[in-house]
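This report refers to the structure that appears directly beneath it.
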Amino acid sequence: MSAHQHAEGQLPHEPEKATLEGRNKVLGFWIFLGAETVLFGTLFSAFIALRHQVLDGPTAQHLFELPMVFASTMILLTSSLMSVFAVQAMHNNKVKAMIGWLLITILLGLAFLGLEITEFNTYVKEGHTLKTSAFSSSFYTLVGFHGAHVAFGVLWIGLLIAQILKKGLTVVTAPKIYLSAIYWHFIDVVWVFIFTVVYLMGKVG
Amino acid sequence: MSTQAAQTAHDAHTHTHTVKRYRGLLDWLTTVDHKKIGILYMIAGLFFFVVGGLEAILIRIQLLKPMNDFVSADTYNELLTMHGTTMIFFAAMPLLFALMNAVIPLQIGARDVAFPFLNSLGFWTFFAGGVLMNIGWFNGTVPDSGWTAYAPLSGPTFNGTHGMDYYVIGLQIAGIGTLLGGINFMATIINMRAPGMSFMRMPIFTWSIFITSVLIVFAFPVLTVGLVALMFDRLFQANFFEPGTGGNTVLWEHIFWIFGHPEVYILIMPAFGVISEVVSTFSRKRLFGYSSMVFALVLIAFLSFMVWAHHMFATGLGPVANALFSIGTMLIAVPTGVKIFNWLFTLWGGSIRFTTAMLFAVGFIPTFVMGGVTGVMLASAPADYQYHDTYFVVAHFHYVIVGGMVLGIFAGLHYWWPKMFGRMLNEGLGKLTFWTFFLGFHLTFFVQHFLGLLGMPRRVWTYLPNQGLDTMNVISSIGAFLMGFGMIVFVVNIIITWIRPRNAAADAWEDGRSMEWSIPSPPPEYNFKQTPLVRSYDAWWKEKMDGKTEMTPAEPVGPIHMPSPSILPLLMSVGLFIAGFGFMYDHLVLSIGGLAITFACMLLRSVFDDRGFHIDPEEEVHA
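Structure (structure tokens):
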């Protein structure tokens with residue numbers, strides 16, 4: 000079975016697609032991301048429908064600090080770039096470099112999460128909680144879902160680094176790295192929309 | 000590969016890793032074999048079908064006479080909510096998944112689905128969700144806001160008990176399973192087809208399941224978000240659908256129906272596929288207009304996402320929105336009509352055999368047309384103000400769901416039963432099932448059109464005497480009992496078949512056209528000893544016409560790689576089940592503990608590679 004043939008010897012050119020299992024995983028994951036797109040699309044729709052219902056709570060203009068959010072955006076965009084380098088290193092069979100890039104990816108992910116937690120903390124102190132208004136409920140649900148995705152990604156990629164250290168780069172582990180990378184890009188794209196729709200439109204509109 | 004080389008390769012594989020294989024109950028709890036998972040889906044689906052059916056019978060007993068007090072108004076609300084929700088999510092969906100699992104890999108010449116482990120996980124999450132929702136019956140808090148759970152009726156303000164929590168969390172857990180199934184079958188059909196099977200050579204049932212899976216993937220996440228929002232409202236005092244704090248109840252209607260309309264097409268598409276297969280097989284003819292059938296499926300699926308607001312004509316979206324959604328809805332009649340005519344033209348001039356499956360298929364066609372015609376009537380927004388929330392709507396959707404999908408499922412079960420179990424269902428009892436169920440169905444629901452036109456509102460537990468409603472309600476209830484009788488006959492048929500010898504031929508109906516009929520009934524664990532080469536549409540028929548007795552192989556005989564069984568999917572679902580209760584009753588320990596079980600299983604699955612095991616089909620034969 001081809002799944003184990005390459006384990007000791009030379010890795011094929013695109014190890015993530017070398018086996019049927021790998022190809023299935025890549026295709027299945029793209030379909031999953033299609034479903035995730037619909038999930039976030041619905042969260043965005045709910046947010047857009049409810050974002051002006053602030054009642055007595057603080058408004059978006061009052062709450063949002065664009066410099067901070069811009070910093071988060073840059074951090075997440077950079078981490079996405081790092082995972083591109085990781086996949087490139089994987090394709091060149093440079094395992095150490097790949098692990099390095101992955102480590103930077105999750106460090107940046109952690110930095111993003113840290114900023115988000117600080118941000119939410121500030122909002123709560125200003126009286127903006129899940130229960131405050133329809134705006135606050137939909138805000139925390141949308142941005143929180145994204146944050147949970149980032150947290151899951153950090154744990155996942157962390158686990159994959161450990162697996163690579165133990166098992167090495169094989170046609171079994173390579174698809175996992177590849178999938179975590181496209182997952183990470185997807186989260187990044189969602190954040191670009193959150194930055195635009197939630198923060199920029201919240202500040203302007 | 001020379002035999003010696005094959006032998007060495009085989010030794011290398013079997014000796015490197017052995018996999019523990021289970022017997023008896025543990026085999027069923029750990030199986031990742033699509034055929035066994037199909038049977039599990041079928042058993043669970045039939046169980047919930049009986050539960051939902053009994054709820055329907057209780058509803059019809061209550062409505063047997065005016066001002067009846069057989070059940071209270073509250074219990075009636077619970078019965079109709081649970082009837083609708085159970086039938087759609089826990090009876091119809093699993094029965095479709097049963098047919099998908101049992102047939103699709105065989106039809107495309109694959110040894111299993113793309114993700115056998117996920118397949119098992121999908122079944123167990125569905126089952127955990129179904130059980131969780133029905134547990135409400137045992138502690139007296141049952142969902143009671145209708146299967147649509149319209150806000151604010153379903154929200155914390157007007158629904159303070161735990162009833163709707165069971166709905167929200169049960170459906171959420173079951174929804175995970177459905178989504179996984181959709182992803183799995185899309186990937187399977189795209190990636191796992193046998194050599195030579197191009198998209199336009201796929202059997203029409205495979206096409207219908209492919210399109211169904213696409214609908215699942217793009218519709219179910221919407222429900223997930225809706226349920227999350229409702230759950231946050233109910234459990235954490237969020238304000239999505241609470242008008243008092245800025246929430247919007249119409250938002251729930253939009254979210255629910257953007258999911259809900261594709262959902263009803265998820266139900267009917269597989270039935271289209273089954274009917275096409277059955278009609279073609281028992282007319283001994285190639286399906287008429289295959290490519291237009293495929294095109295119609297794709298078009299119906301596309302339009303299904305464009306018409307959700309026709310459920311909301313009375314909400315007051317305004318004349319422009321109502322007009323657009325009216326036209327969009329009526330458009331669906333065009334591709335559906337294409338399908339009806341193709342079935343008729345397939346029958347035309349065929350040498351028809353009226354087996355039980357064929358009777359269900361032939362009964363489906365006029366019944367579904369009637370449901371479609373009332374659908375077009377309802378699509379007309381001005382007229383809909385008259386029909387809205389009356390029994391006319393109840394009659395319409397039972398004509399398309401029972402008269403469409405359930406007849407399709409019965410046709411499919413009778414048709415593929417020998418392939419699933421190696422035993423033919425008794426044809427006499429099957430025909431009795433058909434006639435009682437079919438006549439009972441029309442008796443129950445035909446009169447409901449007129450009850451609706453006379454103004455009888457749906458979802459109300461009783462009605463006043465002498466308003467012209469009495470007689471038709473009696474007729475409707477009698478019909479329901481007759482359907483119940485038909486169902487009992489079906490169960491008896493299953494039991495009688497169960498004790499008969501397992502002697503169904505590979506090509507059980509002798510006229511099989513697609514590849515599932517080229518392998519033994521039931522198929523061996525690995526399905527195909529050699530991956531078949533597909534040389535045309537109706538691949539197995541083509542081989543038979545060329546005088547062959549088996550498919551042309553596309554590979555030499557060799558050891559076959561199989562995935563290992565695993566208990567993890569069951570444990571993950573148990574974890575979610577426990578966490579669900581934790582969320583409902585505010586037990587932080589339970590919620591965290593349950594989720595910890597699930598995540599721990601995910602961790603184990605990721606860390607320990609499944610290397611599977613190998614079966615040598617030659618050895619199997621000798622043994």
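So the sequence lines, in the order shown, correspond to chains G and Y. Residue numbering for the first sequence follows numbering that gives the first Met the number 0, beginning at 0 and increasing consecutively. Residue numbering for the second sequence follows numbering that gives the first Met the number 0, beginning at 0 and increasing consecutively. Backbone N, C-alpha and C fix where the C-beta goes; we use that ideal spot for every residue, glycine too. A quick note: this is a predicted structure, and the numbers were derived from the prediction, not measured.
By the C-beta criterion, the segment 106–120 of chain G is judged not to be in contact with the segment 43–50 of chain G, since fewer than 3 inter-stretch pairs fall below 8 Å. Of the candidates PHE125/Y, ALA382/Y, PHE198/Y and PHE420/Y, the residue whose Cα lies closest to the Cα of ALA313/Y is ALA382/Y.
For HIS613/Y, there is no enclosing alpha helix (DSSP H); the enclosing beta strand (DSSP E) has its first and last residue at 612–614. Between the segment 54–66 of chain Y and the segment 474–490 of chain Y there are three or more C-beta pairs closer than 8 Å, enough to call the two in contact. A residue is called buried once 16 or more other Cβ atoms fall within 10 Å of its Cβ, and ARG50/G is buried on that count.
Against chain G, the CB of GLN236/Y has a partner CB under 8 Å away; the residue lies at that interface.
Considering only beta carbons, the part of the segment 242–256 of chain Y lying closer than 7 Å to chain G consists of THR244, GLY245, GLY246, ASN247, LEU250 and ILE254, in chain order. The beta carbon of GLY245/Y sits closer than 6 Å to those of ASN238, all from its chain and outside the five residues before and after it, given in chain order. One finds ASN23 and GLY27 in chain G with Cβ atoms closer than 7 Å to the Cβ of ALA113/Y, taken in chain order. Of the candidates VAL372/Y, ARG457/Y and ASN425/Y, ARG457/Y places its Cα closest to the Cα of THR389/Y. Here TYR165/Y is actually not in contact with MET191/Y; their C-beta atoms are around 37 Å apart, not less than 8 Å. Here TYR584/Y is exposed: its Cβ has fewer than 16 other Cβ atoms, across all protein chains shown, within 10 Å.
Closest option to PHE185/G, judged by alpha-carbon separation, among GLU125/G, VAL153/G, LEU106/G and GLU35/G: GLU35/G. Beta-bridge analysis with DSSP links ILE42/Y to no other residue. By the Cβ test, the segment 143–163 of chain Y is in contact with the segment 247–257 of chain Y, since at least three Cβ pairs between them sit closer than 8 Å. In terms of Cβ geometry, GLY51/Y and THR85/Y form a close pair [threshold 8 Å]. When TRP206/Y, LEU28/Y, VAL102/Y and ASP143/Y are compared, the shortest CA-CA separation from PHE116/Y is found for LEU28/Y. Within the segment 485–524 of chain Y, no complete beta strand (DSSP E) segment of 3 residues or longer occurs. When DSSP states are grouped into helix, strand and coil, HIS184/G belongs to the helix group. Sorting MET561/Y, TYR525/Y, VAL588/Y and VAL606/Y by C-alpha distance to the C-alpha of LEU105/Y places TYR525/Y at the top. Taking C-beta separations shorter than 6 Å and ignoring five residues to either side along the sequence, the partners of GLY176/Y in its chain run GLY121, THR124 and PHE125, following chain order. Among the residues of the segment 49–77 of chain G, those with a Cβ less than 8 Å away from any Cβ of chain Y are LEU49, GLN52, VAL53 and LEU54, in the order of the chain. At least one CB atom of chain Y sits nearer than 8 Å to the CB of VAL37/G.
Using a C-beta cut-off of 8 Å, the segment 198–208 of chain Y makes contact with the segment 270–290 of chain Y, since at least three inter-stretch Cβ pairs fall below that distance. In this model, VAL197/G and TRP190/G are separated by some 10 Å (Cα to Cα). Rounded to the nearest angstrom, the gap between the Cα atoms of LEU358/Y and LYS284/Y is 17 Å. In this structure, GLY581/Y lies away from CYS600/Y, with their beta-carbon atoms at least 8 Å apart. Within 7 Å of the CB of SER136/G, the CB atoms of chain Y belong to PHE231, ALA237, ASN238 and PHE239, in sequence order along the chain. For THR223/Y, the nearest CB of chain G lies under 8 Å from its own CB, placing it at the interface with that chain. Taking a C-beta cut-off of 9 Å against chain Y, the contacting residues of the segment 126–153 of chain G are LEU129, LYS130, THR131, SER132, ALA133, PHE134, SER135, SER136, SER137, TYR139, THR140 and PHE144, listed in chain order. From the beta-carbon of ASP608/Y, the residues of chain G found nearer than 8 Å are LYS166 and VAL171. Counting the other Cβ atoms within 10 Å of the Cβ of TYR398/Y gives 16 or more, which makes it buried.
Put simply, the backbone Cα of ALA97/Y is about 52 Å away from that of VAL203/G. By a beta-carbon distance limit of 8 Å, ALA270/Y contacts GLY407/Y. Their separation comes to about 3 Å. In the structure shown, HIS127/G falls within a coil segment according to DSSP collapsed to helix, strand and coil.
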